[in-house]
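In UniProt numbering, the protein residues as written are 1 to 583. Backbone N, C-alpha and C define an ideal beta-carbon position, used for all residues, glycine too. All values derive from a computational prediction rather than experimental measurement. Take a look at the structure below.
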């Protein structure tokens with residue numbers, strides 16, 4: 001760098017800037033040199049540390065080689081005592097038993113027996129003087145034994161809810177008795193709880209309703225067979241026999257029939273002795289019935305709620321009473337056939353379905369009655385309700401409609417309406433006269449009562465009679481449009497009430513469930529409606545006559561007519577019917 005030339009060419013500020021840049025560059029070079037020196041120093045320190053470590057390893061290796069070269073005297077092992085040999089056999093048996101638990105060759109009772117035997121062996125090994133190596137292994141197996149017991153109990157309680165065969169359930173319950181003790185009340189509670197959980201899962205998986213009902217019934221049947229009849233007690237007593245061993249244990253004994261086999265036989269007798277010493281008395285029949293009733297009532301909170309939701313969705317598909325009866329008969333057959341004695345199937349029916357079937361059945365009946373009413377109303381619009389002339393033709397036989405005040409067509413329609421309430425099948429109704437397409441209402445009610453599952457079967461006919469009374473009440477207020485105006489509609493209403501009063505009294509009383517108060521109320525209602533309509537018609541004619549004649553003369557002529565009207569109404573009310581009035 002030519003300093004003189006720079007001083008001549010550049011200004012002082014530029015020279016100062018160049019000086020500052022040179023100083024900064026020099027400082028950077030110095031810092032790099034310091035870092036490089038520091039790295040080199042650290043590398044030297046690490047290298048010296050590695051050298052010291054390698055030297056230490058070499059010294060240890062030399063010392064180990066020197067120790068290995070020294071010769072030692074051979075020592076003969078001491079023979080094991082009989083107790084130590086038995087402990088070794090128990091240790092081997094513990095390993096083999098834990099390995100076969102849960103295998104494909106064993107059942108629930110075999111697994112429970114093998115685990116109980118393994119648990120006894122483990123308890124003995126933890127208290128015996130063992131070599132340190134074996135003792136550490138035994139201590140490490142404690143966690144495995146605890147986990148195996150927990151898993152085995154969970155599997156047994158889960159599987160027992162899925163079983164519906166008495167032999168399989170007895171096998172599971174005996175296994176639980178081995179693991180938890182032969183407490184029959186606890187075993188019953190465990191089984192009922194597992195079955196409740198399984199049935200709830202069935203309903204959540206959209207299983208058929210008949211399957212759910214069948215499972216409930218089979219649960220009670222198994223409880224009756226195993227607990228009420230004492231079959232489970234006999235099975236547990238057989239398993240507590242000193243000579244009893246599952247096939248799985250016999251196979252292990254057969255593999256090594258000498259010392260190992262004798263150890264297993266002795267320990268297996270301790271398992272059966274443990275089951276014999278559990279002093280548990282069988283449950284009384286009253287206790288079992290109480291447990292089952294509590295389970296049925298408790299299951300209402302879970303099982304029955306889900307079943308009722310399923311029932312509501314199924315009932316939506318039924319629109320005919322006959323189909324509904326067939327469905328109820330199918331449910332009744334499932335419940336009532338071979339029903340266990342510890343629980344009444346009517347109670348199970350009530351807890352399961354409640355009023356779902358009853359309400360659906362009555363809604364169908366109400367719909368049928370409404371259809372009958374609508375058909376009758378539509379037919380009355382096109383029929384001539386006026387009675388035939390009294391002396392239109394001569395006859396040797398007195399016609400029953402003579403002087404009744406209604407036409408033969410009206411009488412036929414109303415009679416068919418009443419008889420349709422007690423008809424038997426839809427096809428019979430269509431063969432007689434295609435006026436009503438509804439299936440029998442009251443006959444279906446009678447068939448519903450024959451199911452014998454409802455605790456209150458009489459409420460069906462009672463509800464039907466109440467629905468019919470409402471129909472009669474609506475018909476008594478029915479006013480048909482007529483060309484003659486208000487007078488014609490009132491006459492049609494009166495004639496309809498007369499026709500209803502003159503209908504088949506036997507069929508009407510049966511439809512009203514032979515309730516005298518309700519029948520009398522219906523009769524009074526129809527009488528009052530007929531009187532009201534006849535009064536309106538007579539007043540209409542009186543007003544019409546007053547308009548045509550002089551007002552004063554008409555008043556004098558109308559008074560007798562009004563008196564006649566009043567007498568007719570009072571006479572009809574006293575007789576209890578207005579059927580003799582010829583309108």
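Below 8 Å on the Cβ atoms is my contact criterion, and I expect residue i with residue j to pass it. Report the Cβ-Cβ distance as a whole number of Å.
{"i": "residue 518", "j": "residue 325", "result": "No, residue 518 and residue 325 are not in contact; Cβ-Cβ is about 25 Å, not under 8 Å."}
{"i": "residue 406", "j": "residue 530", "result": "That pair is no contact at about 11 Å."}
{"i": "residue 585", "j": "residue 465", "result": "Residue 585 is absent from the structure shown; the chain starts at 1 and stops at 583."}
{"i": "residue 161", "j": "residue 197", "result": "6 Å"}
{"i": "residue 291", "j": "residue 163", "result": "Not a contact, Cβ separation roughly 19 Å."}
{"i": "residue 203", "j": "residue 310", "result": "6 Å"}
{"i": "residue 98", "j": "residue 118", "result": "6 Å"}
{"i": "residue 182", "j": "residue 275", "result": "7 Å"}
{"i": "residue 149", "j": "residue 115", "result": "7 Å"}
Roughly how many angstroms separate the alpha carbons of residue i and residue j, rounded to a whole number?
{"i": "residue 53", "j": "residue 19", "result": "52 Å"}
{"i": "residue 552", "j": "residue 545", "result": "Legend: pLDDT at residue 552 = 46, less than 50; position of this residue unreliable, value from coordinates given subsequently. So the alpha carbons of these two residues sit roughly 12 Å apart."}
{"i": "residue 574", "j": "residue 314", "result": "Any answer about residue 574 is weak, because its pLDDT of 49 lies below 50 and its placement is not dependable; what the coordinates show is given next. Using only the alpha carbons, I get a separation of about 52 Å."}
{"i": "residue 133", "j": "residue 94", "result": "16 Å"}
{"i": "residue 370", "j": "residue 471", "result": "8 Å"}
{"i": "residue 60", "j": "residue 47", "result": "20 Å"}
{"i": "residue 294", "j": "residue 328", "result": "25 Å"}
{"i": "residue 273", "j": "residue 255", "result": "25 Å"}
{"i": "residue 252", "j": "residue 58", "result": "53 Å"}
{"i": "residue 525", "j": "residue 475", "result": "10 Å"}
{"i": "residue 15", "j": "residue 24", "result": "14 Å"}
{"i": "residue 113", "j": "residue 289", "result": "31 Å"}
{"i": "residue 68", "j": "residue 50", "result": "27 Å"}
{"i": "residue 216", "j": "residue 165", "result": "13 Å"}
{"i": "residue 28", "j": "residue 55", "result": "41 Å"}
{"i": "residue 34", "j": "residue 21", "result": "20 Å"}
{"i": "residue 42", "j": "residue 32", "result": "16 Å"}
{"i": "residue 547", "j": "residue 489", "result": "21 Å"}
{"i": "residue 2", "j": "residue 44", "result": "44 Å"}
{"i": "residue 377", "j": "residue 413", "result": "10 Å"}
{"i": "residue 384", "j": "residue 205", "result": "60 Å"}
{"i": "residue 409", "j": "residue 296", "result": "57 Å"}
{"i": "residue 539", "j": "residue 375", "result": "32 Å"}
{"i": "residue 467", "j": "residue 340", "result": "38 Å"}
{"i": "residue 30", "j": "residue 36", "result": "10 Å"}
{"i": "residue 534", "j": "residue 380", "result": "19 Å"}
{"i": "residue 469", "j": "residue 516", "result": "13 Å"}
Take residue i as the anchor and find which of the options has the nearest alpha-carbon.
{"i": "residue 532", "options": "493, 547 and 513", "result": "493"}
{"i": "residue 179", "options": "239, 469 and 193", "result": "239"}
{"i": "residue 242", "options": "270, 468 and 56", "result": "270"}
{"i": "residue 596", "options": "479, 496 and 222", "result": "As shown, the chain starts at 1 and ends at 583. That puts residue 596 outside it, with no answer to give."}
{"i": "residue 128", "options": "165, 90 and 99", "result": "90"}
{"i": "residue 221", "options": "33, 195, 376 and 381", "result": "195"}
{"i": "residue 125", "options": "138, 115 and 217", "result": "138"}
{"i": "residue 463", "options": "514, 47 and 67", "result": "514"}
{"i": "residue 208", "options": "334, 182, 295 and 81", "result": "334"}
{"i": "residue 527", "options": "275, 44 and 473", "result": "473"}
{"i": "residue 167", "options": "235, 81, 58 and 27", "result": "235"}
{"i": "residue 541", "options": "525, 491 and 524", "result": "491"}
{"i": "residue 122", "options": "274, 29 and 135", "result": "135"}
{"i": "residue 624", "options": "320, 380, 111 and 408", "result": "Since the first residue of the chain shown is 1 and the last is 583, residue 624 is not available in this structure."}
{"i": "residue 585", "options": "321, 233, 260 and 259", "result": "Residue numbering for the chain in the displayed model covers 1 to 583; residue 585 lies beyond these limits and cannot be assessed."}
{"i": "residue 368", "options": "318, 408 and 383", "result": "318"}
{"i": "residue 536", "options": "522, 479 and 523", "result": "479"}
{"i": "residue 356", "options": "340, 312 and 383", "result": "312"}
{"i": "residue 260", "options": "96, 383 and 548", "result": "96"}
{"i": "residue 458", "options": "489, 366, 12 and 358", "result": "358"}
{"i": "residue 130", "options": "7, 81, 158 and 169", "result": "81"}
{"i": "residue 373", "options": "445, 385, 415 and 38", "result": "415"}
{"i": "residue 107", "options": "159, 4 and 9", "result": "159"}
{"i": "residue 322", "options": "200, 445 and 17", "result": "445"}
Assess contact between the stretch 407 to 419 and the stretch 500 to 509, defined as three or more Cβ pairs (one per stretch) separated by less than 8 Å. Is contact present? yes
Can you confirm whether the stretch 262 to 281 touches the stretch 198 to 216 when touching is taken to mean that 3 or more C-beta pairs between the two stretches lie within less than 8 Å? For the pair of segments examined, the stretch 198 to 216 was found not to touch the stretch 262 to 281: the number of CB pairs separated by less than 8 Å stays below three.
Would you call the stretch 95 to 105 in contact with the stretch 273 to 288, where contact means no fewer than 3 C-beta pairs closer than 8 Å? no
The stretch 166 to 174 contacting the stretch 141 to 151, beta-carbon criterion three pairs below 8 Å: no
What are the uninterrupted segments assigned as alpha helix (DSSP H) that are 4 or more residues long and contained completely in the stretch 132 to 210, given in chain order? The stretch 132 to 210 contains these whole alpha helix (DSSP H) runs: 132 to 160, 166 to 180 and 184 to 204.
Okay, do the stretch 146 to 164 and the stretch 81 to 94 touch, 3+ Cβ pairs below 8 Å being the bar? no
Taking contact to mean 3 or more Cβ pairs, one atom from each stretch, closer than 8 Å, check whether the stretch 184 to 202 and the stretch 224 to 243 are in contact. Counting C-beta pairs closer than 8 Å gives three or more between the stretch 184 to 202 and the stretch 224 to 243, which meets the contact rule.
Any 3 or more C-beta pairs closer than 8 Å across the stretch 243 to 257 and the stretch 357 to 365: With the cut-off at 8 Å, the stretch 243 to 257 and the stretch 357 to 365 do not touch.
What ranges does the alpha helix (DSSP H) occupy inside the stretch 24 to 103, keeping only unbroken runs of at least 4 residues that lie completely in it? Along the stretch 24 to 103, the alpha helix (DSSP H) occurs as fully enclosed runs of 4 or more residues at 82 to 100, listed in sequence order.
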